[in-house]
Structures are given as structure tokens and as C-alpha cells.
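Colleague: Note that the protein sequences, when read in sequence, are chains E and A. First residue of the first sequence? That's 1310 in the numbering used here, and the numbers climb one at a time after it. First residue of the second sequence? That's 1310 in the numbering used here, and the numbers climb one at a time after it. No residue lacks a Cβ here, since even glycine has one placed at the ideal position from N, Cα and C. Computed from a prediction, not measured in an experiment: that's the story for all the values here.
Number of protein chains: 2
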Amino acid sequence: MSDKHARLERLTSMLRRRGVILPAFEIHGGVAGLFDFGPVGGRLRRRLNNSWLEHWASHGDIVEIDSPTITPEAVLIASGHVGEFNDFMSECNACGGAFRSDHLAEGHHPNPDVLSQEELDQILHNNSIACPTCGGGDWKAARPMNLMFDTRIGAMKGGRAAYMRPETAQGMFMLFPALYRHFRNRLPFGAVQTGKGYRNEISPRQGMIRLREFNMAELEYFIDPEVEPAHDFSKWESIQFNLIPDPEFNQPMSIDPGSASAENIIRHPTVAWFMARTWDFLVSVGINPEMIRFRQHEGTEMAHYASDCWDAEIHGSYGWIECVGIAHRGCYDLAAHESATGDGNLRAWRPYSEPRTVDKTVLAGKGSIIGPAFRDQAGAVNDALQSIDEMPTGFPFELTLESGDSVTIEADMVEEKRIQTTEHGEWFLPHVVEPAFGIDRILWHIIDHSYVETEKGGEPYTVLRLPASIAAIDIAILPLMEKDGMGEVASHIHHQICAAPNLASYYDGSGSIGRRYARADEIGVPWAVTIDHESLQNGSVTIRRRDDGEQIRIQPDELVDALVSGAVTSLF
Amino acid sequence: MSDKHARLERLTSMLRRRGVILPAFEIHGGVAGLFDFGPVGGRLRRRLNNSWLEHWASHGDIVEIDSPTITPEAVLIASGHVGEFNDFMSECNACGGAFRSDHLAEGHHPNPDVLSQEELDQILHNNSIACPTCGGGDWKAARPMNLMFDTRIGAMKGGRAAYMRPETAQGMFMLFPALYRHFRNRLPFGAVQTGKGYRNEISPRQGMIRLREFNMAELEYFIDPEVEPAHDFSKWESIQFNLIPDPEFNQPMSIDPGSASAENIIRHPTVAWFMARTWDFLVSVGINPEMIRFRQHEGTEMAHYASDCWDAEIHGSYGWIECVGIAHRGCYDLAAHESATGDGNLRAWRPYSEPRTVDKTVLAGKGSIIGPAFRDQAGAVNDALQSIDEMPTGFPFELTLESGDSVTIEADMVEEKRIQTTEHGEWFLPHVVEPAFGIDRILWHIIDHSYVETEKGGEPYTVLRLPASIAAIDIAILPLMEKDGMGEVASHIHHQICAAPNLASYYDGSGSIGRRYARADEIGVPWAVTIDHESLQNGSVTIRRRDDGEQIRIQPDELVDALVSGAVTSLF
């Protein structure tokens, strides 16, 4: 086993043993691709999630929404997922085993997940790829398999087909009318949602990288495509991002995001700006900046909606892994839902700088015919004729009145007229820039980058150097012994800290102090407090810093204040 | 329409118009029982959820976990949900329409959801209940319908049956071994989980009360049934709870929780204690304490696991609604999973106060037969014979060795021996007390209790008196006009507040100031800041308090500090 693999095994086993991340349903045999966040991982995950929400809420024009995970089929037909959210699967003619075709093709193509069905079949055939189950080499033609979990809403004949959402994004599109109202009809604005996404992988692997149920965090930012965005890139002027553009256009390069935008390497300034803010976020939660790169999607690999898309990839135990996708989706989604539903509320209003006079052909009712034909509805028929947007292609045609009633209009009832009207603006479909984050993959890499293996007194020793802002436990409370009242003092401090908002402490009363420090370091607790004999005399306790083991004495009240205000570091 | 119904309609329409709670997927026709939390509701929901997590984390022995929503069938067979999580459904013979039998029986029995199939059929028949769809009155016999959403994990022949979880509780039971390790093998301790739960209602109704996908928050508290719990009820000594005990034993009463526990009206002190802490939580997030009562489940109504169960019911627009269930589950769940899986890790160790000498019957291998029969496995066979817990009921029997191999033991290979051993303790199944909260129902009642309809200048005026700790928006920023630089000053303050952790402000620049105050009051924004001409001269702004309209002038920095520290009230 390589050193790298051995380290990964030790790390995974620590995460499991200490209750950070564990295979789910293990006592019932487990399920590939499903994980639990345990007593330590639960709060770690929530703090990362909350950091993400805070990061975007700070922009002032981004709000949080929350929509159901169960999604009726009609929504996902409109969004394209029913047709397009597929992986190719190859089935062995000998044993019936089914596998992802691109996994079978690995090693025979640099990037097999961009290949077409024909290309995949050819690689399997030309390289005599063996079936992992039975060793056979006779494959059925690859076929697309939809990756959504399906279910049914309701009972019996009244039931409706539905899926567990493959992304959280659709919730934001559904709520566009409410968002537009909330922001008083002014673009740009954004909405975020965090929560579960689902993908019924054919054969999950790679631990936290490829899950069947995962934590997503997506932002949809709605813009007017005719307004030139004004983003200030000066903050990142001296920061070189690693870019891997589509090789058809550019070579890999190190460049600051403002220049990459100015030189049109990143095609839309708002995409560049979200790449920069994504970089900020990743670094703030503990990702090593050296291990981040942005890779532009090539034409064939781009999702069905994206007109430009960059992945933030993070390097760790599994190589370079896509953790964030930042896509310019154009008006794909809103247009798709508008066309599927005929709903007119997915547009925004763009006032003209000056009113425009427009020549228009309209149908005017002939009073002498309309009157007798429709009697007391005649006025409503005239109103409806005037508000026709598109001229009918022939006669007779059905005209819907404001009341919802429908009437038949014959050719002799109307005449065409040319008129001039004044228009003050127009309704248009906003464009969308979407940064989509895989929280589990980011969490995995934070842990991977924080995990340090070292030695102490000749023994292996590990520390998880998590940033204090997301550590699962803020402080460990360690009575030197559980006697002479030390346990009671420790327990009192422990409860004092737990009662303070947004703080979690952990009481550990058994084993040697060195062993308990080691246990706290292993899961990344930034601070540890020891209650000893001196504490019983003058009340002071020892606080120890995880990252260098330095210790000072302090009064417990002072300690709690410093923890609440986040100023513990300044005590040293 | 009654006044009560008209108020409910106005409230529901406000929630929808202002983006608090909206029917989900509305542009695609909507789905009964699925709701969105919109631009205002999203943060409101999260703050309530976080308040709940903080409330329990403050106890110091309760940690957060997070487990998948997709649950393999085996887990839910063991938990009893596959067999028992049903509603009775009646089908009309004339039109095929399907309805919940207890809904059809309403008005003909005080509590139809406790009835058996026979009783329901009889009520439908004796009262000639008409089909709501076709008016027919000929019903098929009621039959139980499972309420879980089902799906499949994986593809093709390798796929496994699964359900969307009906509760979050199973995740905590699955993680018992990790929790026990985390708490260094010491009871009592608890774990919480918040997240989605699913229930495929036959015919959802009553808005937020009966959802198909809902926000749950559950706590499993593991205790040793042989340790007498010591809870301090003095804090609630002078608070009278409204209790509706099982009528078989007690009359409704007002009583403090300590006395209710001492008098055995609440059967277990830990149940009484969680009822008291539940009361604390509900009142802290804005539930009117007059509108809370606790109702004990009657025998027939109790869930399949509960040995004592109390519902916290809240009164609002829909009458008394169950919002929290506090159940003593005994060791039902851990025992069920142990028996389904044979996993021995769901137990806790109880040391005896003194070691006990125990007489035991064991099987000892006869060396002269075991040796030749099993050769180099003979030692392993002897070890396995000695560690048998239960004597076999007959011969021959299969014996599993530590290696996993299995051997057949004949009667002549062994002899029974009486021996004495010293035991230092025993492994036992912990008991569980579970408070389970319906976050959506609680949120609904917070809104319902906060919603005040009044008048201003002869016009209807509404205020949502939400507690500042969970209000969706902390402060509204209102430039008097968007000119002379007032808009810029306002925008600067807005961004300053949004950048502070855990604060959200809302910028509203258009319409009269009175109208904008009204908009802020309607969704419960506790504070509003106005930037006027004086602000341009001396920097000061006006801050207005929602609940009485009182205003003072203040410098923006002072305001932000007061918001961050939560001390705005003290400014007045």
C-alpha cells in the first residue's frame, strides 16, 4: 500500500472511531454512498453550512429560501432532468452485472465521462474490458440510466410521479415571482438554499466524494443581461488563481480574477466575481489555497443549460476533485419553466430610458356586428380584442375574455387597424449565474488538509488543525482528577460554556491528562482547559492552545467571556 | 364565513404575498401538502431550528447528529414502521375515490383516529356517509395504507427497497454505539437531529398542520432504567401546566410539573422534566403560554413503542393541535434493532456495586473426542463452547467459532459442568425518553399567536409581534428618499449590518415612510431605521421600535454594536 493510501486509511478510521463521519445503517449492513455525521461531525457540518449561509447573506442582496426535496415530475421534465440527468451503464451479457460505462473505460481515455454512447462501447470492445464480477467481456450497448430516486405522491389512482430533487436550484426558480416581489422588482438579487440533494449512483465509491444523498448549497443570482455588471476586483489584485481554461482557447495559467475577466478568459464578469468570492469562502473555512484550481468545462462536458462553467477543484487524497461549479445558466431555466407552464410571472420589467412609440396592427371589433352578436358581453369582447399580443393566424378563432369565458370571432366581426402606442419598457427573462457547492466534498477536504500526522515521545500523534470558526467542539474541559471537587468545578464550567449561545464544550474526566489532550487534538478541539489543585485554591484554570501546546492560567469567567466574543487568541 | 375563518384567510394570504410560507411548485399546479419557505420564511425557519438546537445543546450532555433521509427497508421493518405506520383508507365502490376513513367518520365520533377497522366501517355504514366525490355511500372495507414514500437504492437487479424516513429518530438509534463511545461509556446522554421527515398523506389539508414533507426536530435521551433520575423542578414551582391525563386515571388539572411527577400523574420523572423544558422552549420562541396544554395518550392511541406519552398541544386557528410528543419508549427501539441484526453494540455496561459470584452451567468439550474430531480447530471449539451464553436446546447444534467458521457439535462431544464465575457488571439495553417536535406546526402557531390585526387612521393595520430572537429580518433600512445621498448612506448601513454575523437587514427605498413601516410591521421586523436630511448633516439616524412605534436618534455605529450584542432594547 502506498503511503498516501495508508494515510487515507488511518484518517478514515479516525473519523469513524471518533464519531465524525461513519458509514450509515452499519448495524443493518450499511448502504454504499450513505454516511452519518456522528456526535462530532454533526456540529462540524452545521457550522460549515452556517458559514456558507453567512458568507452570502453578507452581500445584502441575497436571501435564504427552503423548498421541498420531493419534486413532482412535471418540474423535472421542464428543467431537463428527466431527459438528461443520466449516466451511461453497461450490462454484462454473461452475468447481468451493471456498471457505469465511464468507470469501465477508465485508463483507456483521459476523461471518459465526456464520451458518447458509441465512443464508450468502442472503448469497451477495442480494449476487451473484463466484467468486474464474472470476468466476461461481452457487453450490451451502453444505455443512459436516469440517476434520480423516484417515488409517488399520494395514494392509488390519484398518485403522481415524483423524484427526490437532484439539486436545490429548482426551488429558487419556482420562487422567482416571490423573490422579485421581495426585492421590490429590482435586479440583481440572489437566493440561496442548503439541504439534501439525491443521486442514485450506479456504483458509489471514493468515500465522501460520491454520495447517493448529499448536502448541497446553491446560489442563484438573477441579473439583467443588458446591464453591464460593475464588480470591484481590487481585493484580489495580488492573488493569483490557478486557471485551467478550455484547451481549445487558452493554456493553464496563474492570473488574478480581475485580469482573467478583463482578458475574457472568464467570459462573464459576474462568473469571475463569484469565482473570487468562492475562493474567499474556501480559504476562510480551512481549505489550503495552494490546493485550489478552477477548471473551465469543455464544450462536450457542459451541462445542458450552461453557457460558461468553471469548476473549483480541490486537491486531496483522491487527487483533484470538483467541489464547486460556477455556471452562467443564461435564461435556460426560467425559459424552460415558462414554456412548460405558460406562466407569465418568471420575467422582470426593464423600463426604457425613454418611452418608445411603436406601430402596431390591432383588431378592432365592428360595432354593428359585435353588438348584436354578443349583447352585454360586447364591451368585454372589444377589450379582449385590443389586448391581443399576437395576431391570429386565421378565422374563425377562439378569444378568451377577462372573465375566463371564450367566444368565437368570425372574419366579418373585425377589421385590422394600424395604431401607434407608447411603450415604457419590456418584460424579459433574467439571466442566472449559479455557484453550486458540494458541502460534503468541501468538508472532506477541510479535514484532509487539517489532518497532520506527527510524533510525540516516539509515538504517532495526530492533530486536526481545523479553524476555530468551524471546529465541532470549541473547548475540552478536563479535571485533573475526578476527586477533591475538581470534577464538580469542571462540570460547572462545562455547563456555563454550553449555556452560552453558539458554544460547545466537551467534558472528559477519565484517563491521563496527556491522553485526554491527545483525544482533543485528534478531533481538532482548539482549546483545552484543565482544572487542578490550584483551581480549588484560587479558582484559576489552565487553558492550552491546540496548535502549539502553549498554556496560561486564567479565571473561568474571563475564559467564558473570551470564548463568547471569539477573542481567546488574544489572551496569549 | 366566521370571523375566525376570515382572519385565517387574511393571515394565509399575507404569508403568501410577503414570501413567508407559500404553496410549493405553484407555477406547475402545486402539490397538496408541500410548502416553500420564501425569502422571508427561509431565515425565520432556520432561526427557529437553531433556537431549538441551542436549547438542548445548553444541557451539556446532548450532541447533534445528522443521518440520511433515505432509509433501507430492513431498518424500518425492525423499527416497526413497515408494519405499523398506517392510516385506514376507505374506497368508494361507485367512483373509486379513496379517503382517510377517520376523516370520513368525523362528527360521528369524538376521536375517530383511535378507532379500529371494524369500528370505522360500522360508522360509515350506520351513518350512510356520502362519498365526497360522487355522493355514493357504498364503501369497501377500510384497509391500512402505509404512509411512507418508497423508492429504490441502486439500479436493476442490485437495487434495494427503501423509504424516505418517517422520523429522524432512527438515525440516533443507529448511532448509539458511536454516542456511547463519545460520552466515554457514561449514561445518561442524548442526541438530537433536525431535518426532513416524510409522510405520504392520503389527503393533506389544514395548511401547515398536515404536510407530506415536514421539518422535524427530535431528541433521544438514553437512560439507565435502574438509576433513579434526580431532576430539579424548583424552577417551575410556581408555574401551573394544563394537563389532560388519560381519563381512565385522572381528571384535567392545572399543576406544576414537579408535583405532577411526585404524584405519579406523569409516570416518569424524566418525562416530566422534558415536558417542563419543552414548555420553556415554546414560550421562549413566542408561543403564548396560555395556549399550551399537555395531553396524555390513551391506551389505544399510543404508538407501537410508547409506555407513556404526552403531547404538547397548542391552540390556534385550527383548534388544539399536537405539536410535540414526549414519549417514554422504554428499550423498544434498541431491543428491536438488536433482535433484527444480532448486533451486540446497542447495550450499555452497568457495573455492580460489588462483584458477584454466579453459578453457571457450561458445556465442556471432551478432549478425547474433540481432539480427533476437529484437530487444529479443537482449541477454537473449546473457546467457543465456553463463551456460549444460552445453552442449546438440543443436539446436534451448530457452533460458530471466532473465525466465523461453523462446526456441528454432537451430544457425545461435550459434558455439562457447574462452575462459579465472578461478574463485575452487566450489559443492558438503555431506556429512551424522546421529545419529538414538529417545527412547521410550532412555526405556524408562533405566527398565529404573533399576528395582530388592528387599525391605523381608520385603515386595517397588521403587526407580527415575533420575538426579536427569531424574526426573519432584524432591521429595515429606509432612506426617506433615494436622493441627496440618503440612498447611499442607507445602503452603506444596510451592508454594514448584513456583514455582521447572524444579522439580516432589509433595504426598502420606495413608497411613503408610513407605508414602508407598515410593510416592515406586517412581517414582524422588530426595528426600522430611517435616514433623513439630518442624517446627511450629523450622521445620526432614527430607530423605531415595532411594538410601540417609539423612535430615538442614534449614530449608525452605535446601532450596529447594539444589534450585534443584542442590546437594542436598552437604547430606549
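#1: What are the partner residues of proline 1668 (chain A), as DSSP defines its beta bridges?
#2: With respect to the beta strand (DSSP E) encompassing isoleucine 1462 (chain E), which residues constitute its N-terminal and C-terminal limits?
#3: So for asparagine 1811 (chain E), helix, strand or coil by DSSP?
#4: Can you tell me the Cβ-Cβ gap for isoleucine 1782 (chain E) and valine 1834 (chain E), rounded? I've got them flagged as a contact below 8 Å.
#5: If you measure from the beta carbon of asparagine 1573 (chain A) to each beta carbon in chain E, is any gap under 8 Å?
#6: Please state the DSSP three-state secondary structure of leucine 1528 (chain A).
#7: Got a sec, what are the start and stop residues for the alpha helix (DSSP H) threonine 1321 (chain A) sits in?
#8: For the stretch 1426-1434 of chain A against the stretch 1385-1395 of chain A, are there 3 or more C-beta pairs whose distance is under 8 Å?
#9: With a threshold of 16 other CB atoms inside 10 Å of the CB of glutamine 1549 (chain E), please say whether the residue is buried or exposed.
#10: Taking only runs that begin and end inside the stretch 1766-1849 of chain A, name each unbroken alpha helix (DSSP H) of 4 or more residues, in chain order.
#11: Can you list, in chain order, the stretches of the beta strand (DSSP E) that have 3 or more residues and sit fully within the stretch 1539-1602 of chain E?
#12: How would you label phenylalanine 1558 (chain E), buried or exposed, when you count the other beta carbons within 10 angstroms and need 16 or more for buried?
#13: For the candidate residues E:Leu1787, E:Glu1791, E:Tyr1507 and E:His1842, whose alpha-carbon lies nearest to that of arginine 1824 (chain E)?
#14: Give the DSSP-derived three-state secondary structure of histidine 1368 (chain A) in the structure shown.
#15: Short of 7 Å in beta carbon distance, which residues of its chain neighbour alanine 1403 (chain A), apart from the five on each side in sequence? Order them along the chain.
#16: Could you tell me whether any Cβ in chain A is nearer than 8 Å to the Cβ of phenylalanine 1267 (chain E)?
#17: Apart from the five residues just before and just after isoleucine 1748 (chain E), which ones in its own chain have a Cβ nearer than 8 Å to its Cβ?
#18: Short of 7 Å in beta carbon distance, which residues of its chain neighbour glutamine 1860 (chain A), apart from the five on each side in sequence? Order them along the chain.
#19: Which stretch, first to last residue, makes up the alpha helix (DSSP H) that contains proline 1486 (chain E)?
#20: Between the alpha carbons of isoleucine 1840 (chain A) and tyrosine 1826 (chain A), how many angstroms are there, rounded?
#21: Shortest alpha-carbon distance to threonine 1670 (chain A) belongs to which of A:Asn1654, A:Asp1698, A:Arg1659 and A:Gln1686?
#22: Any chance the CB of glycine 1595 (chain E) is under 7 Å from a heavy atom of the ligand COA?
#23: Quick one: give me the first and last residue of the beta strand (DSSP E) that asparagine 1455 (chain E) is part of.
#24: Going by CA-CA distance only, name the one from A:Arg1665, A:Phe1583, A:Gly1818 and A:Gln1805 that's closest to valine 1869 (chain A).
#25: Is histidine 1624 (chain A) helix, strand or coil by DSSP?
#26: So leucine 1872 (chain A) packs on leucine 1812 (chain A), CB below 8 Å; how close in whole Å?
#27: Below 8 Å, how does it come out for the stretch 1318-1335 of chain E and the stretch 1480-1490 of chain A: are there three or more Cβ pairs, yes or no?
#28: Can you list the residues of chain E that glycine 1676 (chain A) reaches, using a CB-CB cut of under 7 Å?
#29: Return the Cβ separation of alanine 1636 (chain A) and cysteine 1618 (chain A) in integer angstroms, given the expectation that the two are a contact with Cβ distance under 8 Å.
#30: Out of curiosity, what's the CA-to-CA distance linking asparagine 1455 (chain E) and phenylalanine 1344 (chain E)?
#31: Determine the closest residue to isoleucine 1755 (chain A) out of A:Ala1451, A:Glu1622 and A:Met1584, with distance taken between C-alpha atoms.
#32: Counting only beta-carbon separations shorter than 8 Å, does lysine 1505 (chain A) have a partner in chain E?
#33: Using a Cβ-Cβ cut-off of 8 Å, state whether arginine 1656 (chain E) counts as contacting chain A.
#34: Identify whether proline 1705 (chain A) lies in helix, strand or coil by the three-state DSSP scheme.
#35: Going by DSSP, what residue range makes up the beta strand (DSSP E) through isoleucine 1386 (chain E)?
#36: How is the alpha helix (DSSP H) around leucine 1413 (chain A) delimited, first residue to last?
Modeller: Let me lay it out:
#1: It is aspartate, not proline, that sits at residue 1668 (chain A) in the sequence shown. Per DSSP, A:Gln1729.
#2: Run containing isoleucine 1462 (chain E): 1459-1462, per the beta strand (DSSP E) assignment.
#3: Look at asparagine 1811 (chain E) here: in three-state DSSP terms it is coil, with no helix or strand label.
#4: About 5 Å separates the two Cβ atoms, so the contact holds.
#5: Residue contact check for asparagine 1573 (chain A) against chain E: no CB pair falls below 8 Å.
#6: Leucine 1528 (chain A): strand per DSSP, three-state reduction.
#7: In the DSSP assignment, threonine 1321 (chain A) falls within the unbroken alpha helix (DSSP H) covering 1312-1326.
#8: Between the stretch 1426-1434 of chain A and the stretch 1385-1395 of chain A, the count of Cβ pairs shorter than 8 Å is below three; the stretches do not touch.
#9: By the C-beta density criterion, glutamine 1549 (chain E) is exposed, having fewer than 16 other C-beta atoms within 10 angstroms.
#10: Uninterrupted alpha helix (DSSP H) stretches at least 4 residues long and entirely within the stretch 1766-1849 of chain A occur at 1795-1808, 1822-1831 and 1842-1847, given in chain order.
#11: Taking only runs of at least 3 residues, the beta strand (DSSP E) segments lying wholly in the stretch 1539-1602 of chain E are 1550-1553 and 1562-1564.
#12: Exposed is the call here.
#13: Comparing alpha-carbon positions, the option among E:Leu1787, E:Glu1791, E:Tyr1507 and E:His1842 lying closest to arginine 1824 (chain E) turns out to be E:Leu1787.
#14: In the structure shown, histidine 1368 (chain A) sits in coil (DSSP, three-state: anything other than H, G, I, E or B).
#15: Cys1440, Cys1443, Gly1445 and Asp1447.
#16: Nothing can be reported for residue 1267 (chain E), as the shown portion of chain E is limited to 1310 through 1881.
#17: Setting aside the 5 residues that flank it on each side, isoleucine 1748 (chain E) is surrounded in the same chain by Arg1354, Leu1357, Asn1358, Trp1361, Thr1503, Phe1523, Asn1524, Met1525 and Ala1526, each with a C-beta closer than 8 Å to its C-beta; the list follows chain order.
#18: Within the same chain, and ignoring the five residues on either side of glutamine 1860 (chain A) in sequence, the residues whose Cβ sits closer than 7 Å to its Cβ are Thr1851, Ile1852 and Arg1853.
#19: Where proline 1486 (chain E) is concerned, the enclosing alpha helix (DSSP H) starts and stops at 1485-1491.
#20: Computed Cα separation, rounded: 13 Å.
#21: The shortest C-alpha separation from threonine 1670 (chain A) is found at A:Asp1698.
#22: In the structure on display, the ligand COA does not appear, and there are no ligands present to speak of.
#23: Where asparagine 1455 (chain E) is concerned, the enclosing beta strand (DSSP E) stretches over 1452-1455.
#24: Here the closest residue by C-alpha is A:Gln1805.
#25: Strand, per DSSP.
#26: That belief holds up - the Cβ atoms of leucine 1872 (chain A) and leucine 1812 (chain A) are roughly 6 Å apart, short of 8 Å.
#27: Between the stretch 1318-1335 of chain E and the stretch 1480-1490 of chain A, the count of C-beta pairs closer than 8 Å reaches three or more; the two stretches touch.
#28: Under the 7 Å cutoff, chain E gives no residues; its nearest Cβ is about 38 Å from glycine 1676 (chain A).
#29: Rounded, the Cβ-Cβ distance is 4 Å, consistent with contact.
#30: Distance between the alpha carbons of asparagine 1455 (chain E) and phenylalanine 1344 (chain E) is about 22 Å.
#31: Nearest option by C-alpha distance: A:Glu1622.
#32: The beta-carbon of lysine 1505 (chain A) is placed less than 8 Å from the nearest beta-carbon of chain E.
#33: No, arginine 1656 (chain E) does not count as interfacial toward chain A.
#34: Proline 1705 (chain A) carries a coil assignment under DSSP once its states are collapsed to helix, strand and coil.
#35: Isoleucine 1386 (chain E) -> not in any beta strand (DSSP E); alpha helix (DSSP H) instead, spanning 1382-1387.
#36: Element bounds for leucine 1413 (chain A): 1410-1413.
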